[in-house]
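Protein chains in written order, with the working numbering: chain A, 1485 to 1727; chain B, 24 to 145.
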């Protein structure tokens, strides 16, 4: 173990609170989640935070580290440390429950609001649907399907910060992915849900979501796709009908 | 979803489409306008020279009226979006895009008529 210490400021409290500094031994290949876990296990067991898989699959450990939303389990301290200091806070744009744990209900409710869930017409008794891997729809669906729901994009979005009813990049990315799922049966409902004031037309195309997405997805591109699709559905109609 | 919210969302989508198409027209118009300006000011710029080019020229008149109409569509929609985002509860402000649209149409068309006729008839 190294003798060098990291100075780690961690948000303690809920909406009201303060940063508390902890000294954490510096190790090679140490992730930010390792740092938080050390504090909770060795220094202060009352620290609340959220994690599960530790390997970048579950999307539960995202926090604001040195001012930027990141997935902490796959973020090496060496890549982002400023001198010997780290500042760890809960994600922006979400209510804080305690310390580093945020209330994600609004975030996931917006996925539901964007009809961000699959509904097909086949049953288990039907044969598998055949979707060609090289078809355009499948390729477009592939582009956004690896979202792990970590809310890094949502916390980084300036429009979410200023307009609380905006569905946000993750929900719209999910909606866009599903509009390219040829098996789904609720396409017009989805287009209606993502049109208008709280939906895709609210996006300012700042691109923060795309820049910060730890899975290198491009919600901005998906939202642009939705804008075009919704406009076409409103003006000329699509293969699913007219809005 | 209620019918009112639905029709508002459809209107938003149509307005976005109109703004996008008008932006394409504007992009072309601005490029042509700038090119003509750079060409026109090579030997100095006088009112007589401008009118010599535009007076009685239907091509110039139609081009600049298309320019005015593209502005008429594009700018008020943008202003309405900005107002709605920054002052979501100030419904009285929704008159401003209409005022802007009227100004763009009246002043723009007056200017087009002016350079086409050379001010004759005033």
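Here a beta-carbon is modelled for each residue, glycine too, at the ideal position from N, C-alpha and C.
4 or more residues per run - each alpha helix (DSSP H) lying fully within the segment 1557-1634 of chain A: 1561-1564, 1589-1597 and 1620-1628
Taking residue 20/B as the query, report the chain A residues whose CB atoms sit under 7 Å from its CB, ordered along the chain. What the structure shows of chain B is the stretch from 24 to 145, and residue 20/B is not part of that stretch, so it cannot be assessed.
Between which residues of its own chain and residue 95/B is the CB-CB distance below 7 Å, once the five residues before and five after are set aside? Start at 1 with the first residue of the second chain, and residue 95/B comes out as number 72. Correct list, in chain order: 124, 127 and 128.
Which runs of the alpha helix (DSSP H) spanning at least 4 residues fall entirely within the segment 95-145 of chain B, listed in chain order? 118-140
Using a Cβ cut-off of 8 Å, pull out every chain A residue sitting near residue 31/B, in sequence order please. The residue you call residue 31/B lines up with position 8 of the second chain. Under the 8 Å cutoff, chain A gives 1680 and 1681.
Which residue from 1593/A, 1491/A and 1576/A puts its Cα closest to that of residue 1649/A? Against the first chain, residue 1649/A aligns to sequence position 165. Residue 1593/A is the option with its Cα nearest to residue 1649/A.
From residue 1710/A to residue 1683/A, what distance separates their C-alpha atoms? What you label residue 1710/A is simply residue 226 of the first chain in a count that begins at 1. What you label residue 1683/A is simply residue 199 of the first chain in a count that begins at 1. Roughly 9 Å separates the two Cα atoms.
Answer yes or no: does any C-beta atom of chain B fall closer than 8 Å to that of residue 1655/A? The residue you call residue 1655/A lines up with position 171 of the first chain. Taking Cβ atoms only, chain B never reaches closer than 8 Å to residue 1655/A, which makes this a no.
CA-CA distance, residue 93/B and residue 1492/A? As a first step, residue 93/B must be located in the second chain, where it is residue number 70. As a first step, residue 1492/A must be located in the first chain, where it is residue number 8. Spanning the two alpha carbons is a distance of roughly 55 Å.
By the three-class DSSP mapping on this structure, what secondary structure does residue 1660/A have? Along the first chain, one-based indexing puts residue 1660/A at 176. Here residue 1660/A sits in helix by DSSP.
Where residue 1509/A sits in the DSSP three-state scheme: By 1-based counting over the first chain, the position of residue 1509/A is 25. Three-state result, residue 1509/A: strand.
Length of the line joining the Cα atoms of residue 35/B and residue 1528/A: Position 12 of the second chain, counting from 1, holds the residue named residue 35/B. Position 44 of the first chain, counting from 1, holds the residue named residue 1528/A. So the alpha carbons of these two residues sit roughly 51 Å apart.
Assigned exposure category for residue 1636/A - 16 Cβ within 10 Å defines buried: Sequence index remark: in the first chain, residue 1636/A carries index 152 (1-based). Buried.
Run through chain A and tell me which residues come within less than 7 Å of residue 35/B, C-beta to C-beta. By one-based count along the second chain, residue 35/B stands at place 12. The answer, in chain order, is 1679, 1680, 1681 and 1685.
At the level of alpha carbons, what is the spacing between residue 1579/A and residue 61/B? Start at 1 with the first residue of the first chain, and residue 1579/A comes out as number 95. Start at 1 with the first residue of the second chain, and residue 61/B comes out as number 38. About 55 Å.
Give me the residue from 112/B, 84/B, 105/B and 118/B with the minimum Cα distance to residue 133/B. Locating residue 133/B in the second chain gives position 110, where the first residue counts as 1. Among 112/B, 84/B, 105/B and 118/B, the Cα nearest to that of residue 133/B belongs to 84/B.
Contacts of residue 1758/A in chain B (Cβ-Cβ under 7 Å): This structure leaves residue 1758/A out entirely; chain A is present only between 1485 and 1727.
Residue 1497/A, enclosing beta strand (DSSP E) - first and last residue: Within the first chain, residue 1497/A is the residue found at index 13, counting from 1. That run of the beta strand (DSSP E) goes 1489-1497.
State the beta-bridge partners of residue 1725/A as determined by DSSP. Walking along the first chain from the start, residue 1725/A turns up at place 241. Answer is 1722/A, bridged to residue 1725/A.
Under the rule that 16 or more other beta-carbon atoms within 10 Å means buried, what is residue 1728/A, buried or exposed? No information on residue 1728/A is available, as it lies outside the stretch 1485 to 1727 that chain A covers here.
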